[in-house]
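Asker:
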Amino acid sequence: MLGHMLLNVVLGVIWCFLVEDFRASTFVVGYLVGALVMYGSRRMLGEVMFFRKTVVLVKLLAVFLRELVVANVQVAWWILRPRLRVQPALIRVPITLETDAAITALAGMISLTPGTVTVDVAPDRRSLDVHCLNVPDIEATRQSIQTMFEQPLRELER
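Just so you know, we're using our numbering here: the sequence shown kicks off at 5 and counts up by one.
1) Considering only residues of the same chain and omitting the five flanking positions on each side of Arg96, which have a CB-CB separation below 6 angstroms?
2) Mind reading off the beta-carbon distance from Val60 to Glu159? Whole number of angstroms is fine, and I expect it under 8 angstroms.
3) Spatial neighbours of Asn138 within its chain, please: C-beta separation below 6 angstroms, excluding the five flanking residues on both sides.
4) Rounded to whole angstroms, what is the Cα-Cα separation between Cys136 and Ala105?
5) Using beta-carbon positions only, say whether Gly38 and Gly16 come within less than 8 angstroms of one another.
6) Taking Cβ to Cβ, would you say Ala111 is nearer than 8 angstroms to Val125?
7) So if DSSP puts Leu160 in a beta bridge, which residue, or which two residues, is it bridged to?
8) Report all residues from its chain with a CB closer than 8 angstroms to the CB of Ile99; omit the five preceding and five following residues, and keep chain order.
9) Would you give the residue range spanned by the alpha helix (DSSP H) that Val117 belongs to?
10) Just how far apart, CA to CA, sit Arg70 and Leu64?
11) Excluding sequence positions up to five away, which residues of its chain have a Cβ less than 6 angstroms from the Cβ of Ile195?
12) Ignoring anything shorter than 3 residues, give me the beta strand (DSSP E) runs that lie fully in the region 29-106, in order along the chain.
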């Protein structure tokens with residue numbers, strides 16, 4: 005997969021040289037043209053799995069950005085309205101990720117989202133301890149983390 009992705013990046017750079025324009029938008033166009041060429045050549049290249057993984061990655065980033073914006077608004081609201089009751093909690097979130105990179109990415113996404121921070125990774129790497137600023141329902145919070153962040157990371161791991 006990494007080889008195909010690198011080849012696509014190289015095709016994007018070659019496109020920039022061909023059109024003699026080195027802006028990011030030109031690279032993106034070249035990357036997309038390269039992706040189409042690779043998709044058309046998939047029999048020769050073998051199964052190009054990174055196309056599916058790219059879609060999963062884009063969806064994961066979109067979900068993360070949405071959650072980032074929503075969490076920022078919520079935390080700002082809690083700060084501006086100090087009389088609101090928050091229910092902080094330290095919760096253990098079971099995970100099934102295999103690689104250190106995926107676990108680190110999950111912990112990073114949790115910590116970058118305002119109102120949550122990853123405190124610890126269990127020694128067996130099967131759970132994360134997460135501090136949340138407001139947790140009305142612990143199980144729903146666990147499910148939310150697993151569904152929105154862990155599940156796509158698991159797909160990217162394969």
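Beta carbons: idealized from backbone N, C-alpha and C, even for Gly.
Being a predicted model, the structure only gives us computed values, none of them experimental.
Answerer: Straight from the coordinates:
1) Excluding residues up to 5 positions away in sequence, Ser131 and Asp133 lie with their Cβ nearer than 6 angstroms to the Cβ of Arg96 in the same chain.
2) Contact holds; Cβ gap of about 5 angstroms.
3) Correct list, in chain order: Val90 and Gln91.
4) Between the alpha carbons of Cys136 and Ala105 lies a distance of about 23 angstroms.
5) Yes, they are a contact pair.
6) Cβ distance < 8 angstroms, so Ala111 and Val125 count as in contact.
7) DSSP, once it has assigned bridges, lists no residue as partnering Leu160.
8) The beta carbon of Ile99 sits closer than 8 angstroms to those of Ile107, Leu110, Arg129, Arg130, Ser131, Leu132, Gln150 and Glu154, all from its chain and outside the five residues before and after it, given in chain order.
9) The sequence as given places Thr at residue 117; Val does not occur at that position. Segment: none, Thr117 is in no alpha helix (DSSP H) and carries neither H nor E.
10) Going by the C-alpha atoms only, they are around 10 angstroms apart.
11) Past the edges of the chain, shown from 5 to 162, lies residue 195, and the structure says nothing about it.
12) Those beta strand (DSSP E) runs which fall completely within the region 29-106 and span 3+ residues are 93-98.
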